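Residues in the sequence shown are numbered consecutively from 54, following the working numbering.
The beta carbon of each residue, even a glycine, is placed where N, CA and C say it ideally should be.
These numbers were taken from a predicted model, which means no experiment stands behind them.
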Amino acid sequence: MRKVMIVDDSHTIRKLLSSVLRQRDFVTVEAEDGMDAIEKLSLEPVDLIIVDLNMPNMDGIEFVRTIRNNFYRREVPIIMLTTTRDEEIRKTALEAGVNLFLNKPISPSLLIYKVESLIGGT
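Printed below as a string of C-alpha cells:
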C-alpha cells in the first residue's frame with residue numbers, strides 16, 4: 054500500500070490531488086500546512102510527499118528543510134507542486150531537498166507518472 058501525503062492550504066487542491074491518486078490505488082493523507090504535516094508524519098510514515106510552496110505557518114521550503122533534517126524522514130521523496138514559476142525559488146527548493154519541482158495546473162496523467170517515477174507503480 055503506497056501512501057502519499059498532500060500538503061496544501063487549499064482544501065480544493067488537496068481533494069483534487071487525493072482523488073487523482075486514489076484512482077491509482079494510492080492511500081492519501083492530507084495536511085493543511087507544514088506544521089500540520091510534521092505532526093501527522095510523526096504518527097504515520099508515508100512513501101512520498103507532495104507539498105505546496107505558499108502556505109501559512111510554515112511554507113513549503115521551510116517544511117522540506119525540516120524533513121531533510123529529520124533522521125527518520127530524510128529519504129522520503131518530495132514533489133513541490135506550486136503556481137510559482139520563479140527560477141530562483143525553484144533553485145532554492147531543489148537545494149532544500151525537493152526531488153521534483155512541478156507547476157500547477159498539472160494533468161492527472163503527468164502527476165501519476167511523476168509520483169510513480171519516484172516510488173514505483175502498482
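At a Cβ-Cβ threshold of 9 Å, I114 and I159 do not count as neighbours. Between the segment 82-89 and the segment 125-141 there are fewer than three inter-stretch CB-CB distances shorter than 8 Å, so the stretches are not counted as touching. Rounded to whole angstroms, the separation of the alpha carbons of D78 and V151 is 24 Å. Residue burial annotation: P130 is buried, with at least 16 other C-beta atoms found within 10 angstroms of its C-beta. M88 is a Cβ neighbour of N110, given a cutoff of 9 Å. Sixteen is the threshold: when 16 or more other Cβ atoms of the shown chains lie within 10 Å of the Cβ of L70, as they do, the residue is buried.
Taking 4 residues as the shortest admissible run, the segment 89-117 contains no complete alpha helix (DSSP H) segment at all.
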